[in-house]
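In our numbering, the protein residues as written are 10 to 594. Here's the structure we're looking at; comments come further down.
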Amino acid sequence: MKIKNIAIFLILLCCLMGAASAAEDVSTDVVDACDDDLVVVDGVSEDSKQVVEEENSVDDVAVISDDINYLLINEENSEDIASDEIIDNKDSKLGSSDSDSSILGGIGWGPEGSQGTFDHYNSTYANKTFNGFTEMCNDCIFLDCNFTNATLDMQEFYYHEWLGAPENMWGVEESYVCNFTNCNFVNSTLDEGSLILSKRYSLVNFINCTFENITADSIVSNVGGFTLQDAINFYECSFNNVSVKGIVDVPVRTNPYERYRIEDCTYDGILSDNYAVLSEDNRDYINATKPRLESVLSMGFDEEGNLIVNVTDIDGNPLANYDVFISLNGDELTPYVLDDEGNLTLDLIEMVGAGEINVTALFEDNDDYKGSSASISTFLVVKTVIQNVTVEVPVAINPVQTAISASDLSATANTAKSLIVALKDANGNALSNKAIKVLVNGKESNIVTDSNGVAKINVNYANAGTYHYVLSFLGDNDYKACLKSVKVTVAKQAVKATFAKKTFKVKSKSKKISFTLKDGKGKAIKGKKITFTVNKKTYSAKTNAKGVATVKVKLTKKGKYVAVAKFAGDNAYKAISKKAKITIK
Numbered sequence: 010m011k012i013k014n015i016a017i018f019l020i021l022l023c024c025l026m027g028a029a030s031a032a033e034d035v036s037t038d039v040v041d042a043c044d045d046d047l048v049v050v051d052g053v054s055e056d057s058k059q060v061v062e063e064e065n066s067v068d069d070v071a072v073i074s075d076d077i078n079y080l081l082i083n084e085e086n087s088e089d090i091a092s093d094e095i096i097d098n099k100d101s102k103l104g105s106s107d108s109d110s111s112i113l114g115g116i117g118w119g120p121e122g123s124q125g126t127f128d129h130y131n132s133t134y135a136n137k138t139f140n141g142f143t144e145m146c147n148d149c150i151f152l153d154c155n156f157t158n159a160t161l162d163m164q165e166f167y168y169h170e171w172l173g174a175p176e177n178m179w180g181v182e183e184s185y186v187c188n189f190t191n192c193n194f195v196n197s198t199l200d201e202g203s204l205i206l207s208k209r210y211s212l213v214n215f216i217n218c219t220f221e222n223i224t225a226d227s228i229v230s231n232v233g234g235f236t237l238q239d240a241i242n243f244y245e246c247s248f249n250n251v252s253v254k255g256i257v258d259v260p261v262r263t264n265p266y267e268r269y270r271i272e273d274c275t276y277d278g279i280l281s282d283n284y285a286v287l288s289e290d291n292r293d294y295i296n297a298t299k300p301r302l303e304s305v306l307s308m309g310f311d312e313e314g315n316l317i318v319n320v321t322d323i324d325g326n327p328l329a330n331y332d333v334f335i336s337l338n339g340d341e342l343t344p345y346v347l348d349d350e351g352n353l354t355l356d357l358i359e360m361v362g363a364g365e366i367n368v369t370a371l372f373e374d375n376d377d378y379k380g381s382s383a384s385i386s387t388f389l390v391v392k393t394v395i396q397n398v399t400v401e402v403p404v405a406i407n408p409v410q411t412a413i414s415a416s417d418l419s420a421t422a423n424t425a426k427s428l429i430v431a432l433k434d435a436n437g438n439a440l441s442n443k444a445i446k447v448l449v450n451g452k453e454s455n456i457v458t459d460s461n462g463v464a465k466i467n468v469n470y471a472n473a474g475t476y477h478y479v480l481s482f483l484g485d486n487d488y489k490a491c492l493k494s495v496k497v498t499v500a501k502q503a504v505k506a507t508f509a510k511k512t513f514k515v516k517s518k519s520k521k522i523s524f525t526l527k528d529g530k531g532k533a534i535k536g537k538k539i540t541f542t543v544n545k546k547t548y549s550a551k552t553n554a555k556g557v558a559t560v561k562v563k564l565t566k567k568g569k570y571v572a573v574a575k576f577a578g579d580n581a582y583k584a585i586s587k588k589a590k591i592t593i594k
């Protein structure tokens, strides 16, 4: 099947008016791609660019790949042009070091050679700007892209093939996945309808994306109902000056969590994060889904070599009668049911015998709880003790109970702290020179107690979040094994900012304003996106090594203006915004 191109009247008109220059521009781009191993497609005139990005804000652009395979799109005539490395235009990557390099609307493309098979091929777009209407077919990845006054139609080709046909007549086994990470959707006003149409066979994820200055019925609307793994998910996104009936728009009584999730998002005053569902014309409009509780999975071994698995919520309440999946030495995950106390006990000696064993446990996401997992390793030994009347063999008949003590810890991102761990026996005696195994986020290490039975764990995380530590003493001939779970909560670090007022002459060609971002200790923060809003126009730039982000604003009339500069925050730092006056004389 040839690449499917859809051109609206506007694109056709542009093709007729600029065919000669377009051909010349694309030829130049292909030559540059061979030299630099990074394809930059920039066939758009300065007048057509919608998003303002400072030239010094591309220091931290993510390069998709060092080994080519990029698909070039001729934006003037909607024809697809492949570099020499592209054989069949199936898997492709499109990247740019300049986010002003745009993909015009009115075009669509799908994988060549998939007719009758509907195979999955991947198209990747990094640091690109999309304008107008765009149709996407295939699995897609969008990294740090800008969508300005843009609307998207996801999987139109596959949906069109399905219309009027028997259920899944093409034998599609998996939904087509489109992931948007760190993308910006800005300045779109629709009298009716939705910004993005997620059609049947679509699984769409938005991670840490920003939606700003948008008016529509909804951000994403499901078309044709859900099938296979279809879903619409928003994680850690922000919505600023957004006026919609709901973030998502789905058929009435669609099951949340399975088909849509809107979690850990932030909202301004126009759009609230209430969990109410607006039902209208057999559609449900939703702004947020109720947050699911964290689950905590911990594992350890008792003195007999049994595996002990425990699953609780964040407050320590047992998650009874749920499934937990166990893999031994890399085998397939096998489901087991937790008991009324949220525990599972497995006799590993009976299951796998003596020797080294690696265990992975998984508690899956469900409607009420987020998933969690853990891994642990040990070496199982079968001990045989022979006694008779002539030989005395020292055997620990009654090993002493032990206990690990450690308290939950609160910390701040990028700030070091110590987690204090103590090991004592049942009589309160400190146990020195004992190894304690530490498991956190699937990583394993060991600490050894000092003469006071105390050991320290250094805690210093770059990202805020909750980290669960499983501390285990495996026991020996004299002491029984014990287990302790501890939660370390890392908060985002507060930031400081300065945004000075500015005065310019109306005839000045360069009107630049700057915003400085520093951490709580006054150290400059580099590489963070700052959004400036002046006279209803939005600009953005990233902070340099001195924490300074600078943009050039366009103000052609005398008067006084209020500029708002905002850092939206991230996993390590809190958000902050500042206002400053700009005077044009």
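Backbone N, C-alpha and C fix where the C-beta goes; we use that ideal spot for every residue, glycine too.
Do residue j and residue i come within 8 Å of each other at the CB atom, strictly closer than that value?
i: T512; j: T592; result: yes
i: S211; j: S184; result: yes
i: C146; j: Q164; result: yes
i: D356; j: N315; result: yes
i: V449; j: Y476; result: yes
i: V504; j: D528; result: yes
i: A297; j: F334; result: no
i: V229; j: V195; result: no
i: K587; j: F508; result: yes
i: R268; j: F215; result: no
Report the three-state DSSP secondary structure of residue i (helix, strand or coil).
i: E365; result: strand
i: I358; result: helix
i: D51; result: Bear in mind that the predicted position of D51 carries a pLDDT of just 32, short of 50, making it unreliable; the figure below should be weighed with that in mind. Residue state, collapsed to three classes: coil.
i: P265; result: coil
i: I323; result: coil
i: D273; result: coil
i: N214; result: strand
i: R209; result: coil
i: G114; result: With a pLDDT of 39 at G114, under the threshold of 50, the predicted position of this residue should be treated as unreliable, and no value is reported.
i: D349; result: coil
i: I591; result: strand
i: D41; result: Caution is warranted here: a pLDDT of 29 is assigned to D41, below 50, making its placement in the model unreliable, and no coordinate value can be reported.
i: Y134; result: strand
i: G437; result: coil
i: F235; result: coil
i: P260; result: strand
i: K511; result: strand
i: V562; result: coil
i: T343; result: strand
i: E221; result: strand
i: N83; result: Because N83 sits at a pLDDT of 31, beneath the cut-off of 50, its placement in the model cannot be relied upon, and the following sentence gives the value as read from the coordinates. Three-state DSSP puts N83 in coil, outside helix and strand.
Compare the C-alpha of residue i against each of the options and name the closest.
i: W327; options: N352, E313, N438; result: Looking at the sequence provided, one finds Pro at residue 327 rather than Trp. Looking at the Cα atoms, N352 is the closest of the given residues.
i: T190; options: N242, S203, K535; result: N242
i: Y345; options: T354, V573, R292; result: T354
i: E245; options: V229, T236, I271; result: I271
i: N250; options: V257, F220, S230; result: F220
i: T138; options: F215, P260, A159; result: A159
i: D290; options: L280, L237, R262; result: R262
i: Y294; options: F334, R301, E303, Y284; result: Y284
i: F142; options: F524, I205, N472; result: I205
i: D377; options: E144, V409, P300; result: P300
i: M360; options: F372, N338, N375, G325; result: N338
Per DSSP, residue i forms a beta bridge with which residues?
i: L302; result: Y378
i: Q502; result: Y582
i: T540; result: S549, K575
i: G255; result: S227
i: D153; result: According to DSSP, which records beta bridges pairwise, D153 is partnered with nothing at all.
i: S419; result: T498
i: Y478; result: V449, V495
i: N188; result: I150, N214
i: A471; result: Answer is none; A471 lacks a bridge partner.
i: L204; result: Beta-bridge pairing links L204 to no other residue.
Am I right that residue i and residue j are in contact with their C-beta atoms under 8 Å? What's the rounded C-beta distance?
i: S427; j: I466; result: 7 Å
i: L347; j: V320; result: 6 Å
i: K433; j: G462; result: 6 Å
i: T552; j: K537; result: 5 Å
i: V468; j: V497; result: 6 Å
i: L526; j: A506; result: 5 Å
i: S414; j: A431; result: 5 Å
i: K583; j: K501; result: 5 Å
i: A329; j: E350; result: 7 Å
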